[in-house]
Amino acid sequence: MKYIMAYNPSSSGFSYHQNNRHMALIDFYTREIGAVDIKELQRVTRLLHGIGMFVTWCLFFPISVFIVRFLKHTNNYLRIHRTIQLLGGISISSFGAAAIATMSNNVKSPHAWMGLVIYTLVFFELGLGFVSVWGQASVVSVNHGYPRLTKRIHKD
Numbered sequence: 016m017k018y019i020m021a022y023n024p025s026s027s028g029f030s031y032h033q034n035n036r037h038m039a040l041i042d043f044y045t046r047e048i049g050a051v052d053i054k055e056l057q058r059v060t061r062l063l064h065g066i067g068m069f070v071t072w073c074l075f076f077p078i079s080v081f082i083v084r085f086l087k088h089t090n091n092y093l094r095i096h097r098t099i100q101l102l103g104g105i106s107i108s109s110f111g112a113a114a115i116a117t118m119s120n121n122v123k124s125p126h127a128w129m130g131l132v133i134y135t136l137v138f139f140e141l142g143l144g145f146v147s148v149w150g151q152a153s154v155v156s157v158n159h160g161y162p163r164l165t166k167r168i169h170k171d
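So the number in the working numbering is just where the residue sits in the sequence shown, counting from 1, plus 15.
Below is the structure:
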């Protein structure tokens, strides 16, 4: 069974504990306790973060854009686009959360700051996608509701 322990010696309240984290494997049947290297787990997590983000940004999103741009003649192009975008958003949230969980002293690096900004903006982008889907679902006519507002904004 895995046990996780974390502490912050400078504070008795709930706070961030930086590198004061430990994990041990305890086998209650054989009474053996084994140490687990946190650094190795962080390395594997960061590797998975890199691979997952590469697949998301270099495969999912470009394929989704290609589908919505060039495959409009197919019947389900918008449904496929939405599914891939949602899969990409879930992927970014998962792999981004994994990277945030392994951050310790390198929070000031440009990669970390850019990642946090993009992590936040992806949720905003997903929200806009949902608003667009829900707005189009309630369209009765081009002269009512969401399309009417869009037409007024884009009017010459």
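Glycine included, every Cβ here is placed at the ideal spot set by N, Cα and C.
- PRO125 and THR45 have their C-alpha atoms spaced approximately 47 angstroms apart.
- Annotation for HIS96: the continuous alpha helix (DSSP H) segment containing it runs 92–117.
- Under the three-state reduction of DSSP, SER147 is assigned to helix.
- Separation of the CB atoms of LEU63 and ALA113 is rounded to 7 angstroms, and the pair is thereby assigned contact status at 8 angstroms.
- Between THR117 and THR60, the beta carbon gap of about 5 angstroms places them in contact (Cβ cut-off 8 angstroms).
- With contacts defined by Cβ atoms closer than 9 angstroms, LEU74 and VAL83 do not form a contacting pair.
- In the structure shown, the three-state DSSP call for LEU141 is helix.
- When DSSP states are grouped into helix, strand and coil, SER124 belongs to the coil group.
- Distance between ILE95 and ILE168, taken at the CA atoms: about 28 angstroms.
- Between GLY103 and PHE76 a beta carbon distance of about 5 angstroms is seen, short of the 8 angstroms cut, so the two are scored as contacting.
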